[in-house]
Amino acid sequence: MQEFVSFGLQGALIRQLAWLPQGYDLVPDATVMTAGRLRSVMLQLEEAAGSYVLVKLGRHLALKEQAPVLTMLRYGGSPDLIVERWRRLESYSHARGRTEHSTTSRSITLHRGSVRGQAPSRVENLLLHGFIVGLLEAIGVEGITSVILPSHGSAVTMVRNGKLVKVRDFAGRGLRWRISWQSFVPVSQGYPFMANMPGTAPAALTGRPVIRKLAAILENDVGRGWTIDEVAHQLETSARTLQRRLQTANTRFSDLLRLTRVREACRLISGTQMSIGEIGYWCGFTDNAHFSRDFRRLVGMPPSVYREASLGHAGLTRA
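Counting from 1, one number per residue, gives the positions in the sequence shown under UniProt numbering.
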């Protein structure tokens, strides 16, 4: 459960746990919360209240909390992007459990596996089950029905038409489940966490109109795993044509994407109290090493040093 004890999710989860009658006393004050300890708490909660309560807890976490990582997961999302961003969080936090998925126009099927060792526990899968349902509801998905798809036996319905089903127990780990929905109307959101930027940040993208239009698209959702085909579609052109125009401007798509991400990292480092790890994830990097390497290449110093330097910047604001 490494992904739930990092990036602010641990505190958020404990706050939500305290709202459950069965969960109030499970985390005494000053408890050092590790992935193993959190798993133990979830086991106690399932035993006391039933399997459905873990789905309820995950759903509340996704809908009610305002941790920066949750803001990124929900921002500008489509159902497919929600799961892609979660998968990147699993990678960034070096979680042993990993989630694969397949999508249709009105459903997502998810399957949990592991990078090494034993497959994720049932409590982890139930918590994530509810968490994904909550994230989807947060971006405008309505009429959700979710069912666990066991390797043997009948499917187990956990959510039916947006309402939680009080499943006390079921067989298996709950490694595979399908979420379907009746409608999806995206929730309009403004880009969050705008802040001042010290003058040592890399220069903004300027020049030809195609560069400025491309920059605007990337800046609007910097944490997305952009491909040149996706951007070309938004620019109403082909990927090949866009590549030719970028070559004429003496640049490449990958360079512009990297520059956009590092500029946003500079903004967040200097203007918020998000951790360096949270910022790296927010800005679309796959891990801390990747983030630090690209940041140092473009700014000339590590992110931590940049934060120290930015504290004395004139006009600095803290979020």
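Quick reminder that beta carbons are idealized off the backbone N, C-alpha and C, glycines included.
Same chain, Cβ closer than 6 Å to residue i, five either side skipped, listed in chain order
i	result
Glu264	Val222, Cys283
Glu3	Leu89, Glu90, Ser93, Ala95
Tyr281	Tyr92
Gly315	Caution applies to Gly315, whose pLDDT of 44 falls short of 50 and renders its modelled position unreliable; the value that the coordinates give is listed next. Closer than 6 Å at Cβ, skipping near neighbours: Asn196.
Val55	Leu126, His129, Gly130, Met158
Reduced DSSP category for residue i - H, G, I as helix; E, B as strand; rest coil
i	result
Gln2	helix
Gly280	helix
Lys166	coil
Thr206	coil
Gly23	coil
Trp177	strand
Val32	coil
Glu264	helix
Thr286	coil
Thr157	strand
Phe131	helix
Val123	helix
Thr145	strand
Residues of its chain near residue i, where Cβ-Cβ distance is below 7 Å and the 5 sequence neighbours each way are ignored
i	result
residue 330	Nothing in the structure corresponds to residue 330, since the chain is present only between 1 and 319.
Leu246	Arg252, Phe253
Gly113	Arg98, Glu100, Ala119
Leu81	Arg224
Leu63	Gly134, Glu137, Ala138
Alpha-carbon to alpha-carbon, residue j and residue i
i	j	result
Ala155	Trp177	9 Å
Arg318	Ile269	With a pLDDT of 38 at Arg318, under the threshold of 50, the modelled position of that residue is not reliable, and no figure is offered here.
Gly174	Val165	15 Å
Phe184	Thr237	27 Å
Arg160	Leu235	39 Å
Ser292	Thr241	32 Å
residue 320	Met72	Here the chain covers residues 1 to 319 and nothing more, so residue 320 does not appear.
Pro21	Leu149	29 Å
Gly277	Leu256	22 Å
His290	Val141	33 Å
Pro28	Met274	26 Å
Beta-carbon proximity list for residue i, same chain, < 8 Å, skipping 5 on both sides
i	result
Pro38	In the sequence as displayed, the identity of residue 38 is Leu instead of Pro. For Leu38, where only same-chain residues beyond five positions count, the Cβ hits under 8 Å are Met1, Phe4, Val5, Gln10, Leu13.
Tyr75	Gln189, Tyr191, Pro192, Asp221, Gly223
His111	Thr99, Glu100, His101, Leu175, Arg176
Ala67	Phe7, Gly8, Leu9, Gly11, Ala12
Given residue i as reference, the closest of the options once Cα atoms are compared
i	options	result
His60	Asp80, Leu17, Val69, Ala201	Leu17
Pro202	Gly153, Arg258, Phe170	Arg258
residue 405	Trp226, Glu84, Glu124, Ile139	Since the first residue shown for the chain is 1 and the last is 319, residue 405 is missing from the structure and cannot be characterised.
Glu308	Gly162, Val27, Ala232, Cys266	Cys266
Ile279	Leu298, Gly300, Ser304, Val299	Ser304
Cβ distance (whole Å) where residue i is taken to contact residue j below 8 Å
i	j	result
Ala215	Thr286	Not confirmed; about 22 Å, so no contact.
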